[in-house]
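Below you'll find the structure, written out as structure tokens, and then a few comments.
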Amino acid sequence: MGFILTTTIFLVLSVIGMGLYCIKKGISGKSGKRILGINILSVFGLLVITTVLVFSGTVFAQGEEAAAAGEVNGLGLLAAALSTGLATIGAGIAVAVSASAALGAISEDSSLLGKTLIFVGLAEGIAIYGLIVSILILGRL
83 MGFILTTTIF
93 LVLSVIGMGL
103 YCIKKGISGK
113 SGKRILGINI
123 LSVFGLLVIT
133 TVLVFSGTVF
143 AQGEEAAAAG
153 EVNGLGLLAA
163 ALSTGLATIG
173 AGIAVAVSAS
183 AALGAISEDS
193 SLLGKTLIFV
203 GLAEGIAIYG
213 LIVSILILGR
223 L
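Just so you know, our numbering puts 195 at position 113 of the sequence shown, and the rest follows in order with no gaps.
In structure tokens:
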């Protein structure tokens, strides 16, 4: 578990360092997007490598079942947190886009209020679906 923690800390610090470097140098535009793409690919590559290394360990027929159950429980909690967190981030992005468009449409024609509320409500439903998935995951633990 220490390996996962060390790798995660390294990934977070590398993202922060890259952001500070881009801010200090004033990088924007195409070069900023290229650096961001390289950073994202390296982070996900390291995550895939870490996942493969963690789950490719030796399997014993009997023994440390309590420790294995604790690790599975921890991964289940991580899955529940990720499903809720990523769903709310997605819902925030969707609401930001749809609500701003809805405000623009309502300012031009106030009869569109009901139609625009439907789109904003659908965007907020993404967060609710993420919460439901996390409740289902927690129910399985």
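We put the CB at the ideal spot given by N, CA and C, even for glycine.
CA nearest to the CA of residue i, picked from the options
i	options	result
Ile-122	Val-134, Thr-132 and Met-100	Met-100
Val-136	Leu-157, Val-125, Ser-124 and Arg-116	Leu-157
Ile-217	Thr-166, Phe-92 and Gly-84	Thr-166
Leu-95	Phe-85, Val-125 and Ile-109	Val-125
Thr-221	Lys-107, Ser-180 and Leu-159	The residue you asked about is not Thr; residue 221 is Gly in the sequence shown. Of the listed residues, the one whose Cα sits closest to Gly-221 is Leu-159.
Proximity below 8 Å, CB of residue i to CB of residue j
i	j	result
Cys-104	Gly-119	no
Ala-161	Ile-219	yes
Thr-88	Leu-128	no
Ile-188	Leu-194	yes
Val-202	Ala-178	no
Length of the line joining the Cα atoms of residue i and residue j
i	j	result
Ile-91	Ser-138	21 Å
Gly-172	Leu-204	12 Å
Lys-197	Thr-170	23 Å
Gln-175	Ile-208	It should be noted that the sequence gives Ile, not Gln, for residue 175. Spanning the two alpha carbons is a distance of roughly 10 Å.
Leu-223	Ile-86	21 Å
Val-130	Leu-93	12 Å
Val-97	Lys-107	15 Å
Gly-111	Ala-181	27 Å
Leu-102	Gly-84	27 Å
Ile-210	Glu-190	31 Å
Gly-186	Ser-192	10 Å
Ile-109	Asn-155	42 Å
Val-134	Glu-206	34 Å
- Any chance the segment 201 to 217 sits against the segment 163 to 177, with 3 or more Cβ pairs inside 8 Å? yes
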